[in-house]
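Trainee: Before we start, here is the structure in question, set down as structure tokens.
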Amino acid sequence: NKILEALVSADDDLVKAIANSTTNFMDTPVEEPGELIYTQIFPFKWTGMDVIENKQVYITMTFGVDRIEGGYFNNIVFTIFVIVHKDLMRIFHNDTYKLRTDFICEKIEELFHRSSDFGLGKLELSGTGEIFVSKDLPGSFLTFKTVDLSRQK
């Protein structure tokens, strides 16, 4: 829940990039960012028919345990998938055109990397890459893992 809340409340630019499907996405405020949860932001991996049929931005995620020692979860891993319809990919921000996936991933990385605000220990970005849900739905992913509490500095 903390991760979902952070995605819709920590950064207005991130929320606008997810909610608004225009090239100049920054021009339109998002009145109810919380309404993105379970409509465009899902705490599980989701690629249902509405994702395939609608031209929107979707954030989905997976959670797992990388290591268990002595009955305790030492390393938690989660991956955030940013899925953007190809027609929405190009955005205009800070006087230049960018890819919406790159912009959103940058904002998510800023939000989570090195953070200890989520009750899991410090988070480290441990991997990135591209995904393709369909020919019209490319995306990117960011994988974060907790740093083993005994090794944190």
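The end of the sequence shown is residue 153 by the numbering used here, with every number in the run present. All C-beta atoms, glycine included, are put in the ideal place defined by N, C-alpha and C.
(1) Can you grab the Cα-Cα spacing for the pair Asp-12 / Gly-34, in whole Å?
(2) Indicate whether His-113 and Leu-99 have their beta-carbon atoms separated by less than 9 Å.
(3) Give, in chain order, every unbroken run of the beta strand (DSSP E) that is at least 3 residues long and sits entirely within the region 75-101.
(4) How many angstroms separate the CA atom of Ile-83 from the CA atom of Gln-40?
(5) What whole-angstrom Cβ distance do Thr-143 and Gly-121 have, given they're in contact under 8 Å?
(6) Within 10 Å of its beta-carbon, does Lys-153 have 16 or more other beta-carbons around it, so buried, or fewer, so exposed?
(7) Tell me which residue opens and which closes the alpha helix (DSSP H) that Val-133 is part of.
(8) Comparing alpha-carbon positions, which option in Val-65, Ser-21, Gly-64, Phe-42 lies nearest Lys-55?
Mentor: With the structure as the only source:
(1) When only Cα atoms are considered, Asp-12 and Gly-34 end up about 12 Å apart.
(2) Taking 9 Å as the Cβ cut-off, His-113 and Leu-99 do not qualify as a contacting pair.
(3) The region 75-101 contains these whole beta strand (DSSP E) runs: 90-93, 96-99.
(4) Each residue's Cα considered, the two are about 10 Å apart.
(5) In fact, because the Cβ distance is near 15 Å, the residues do not count as touching under 8 Å.
(6) Reliability fails at Lys-153, whose pLDDT of 44 lies under 50, so the model's placement of it is uncertain and no value is given.
(7) Taken as a continuous stretch (DSSP letters only), Val-133 belongs to no alpha helix (DSSP H), being part of the beta strand (DSSP E) at 123-134.
(8) When only C-alpha atoms are compared, the closest one is Ser-21.
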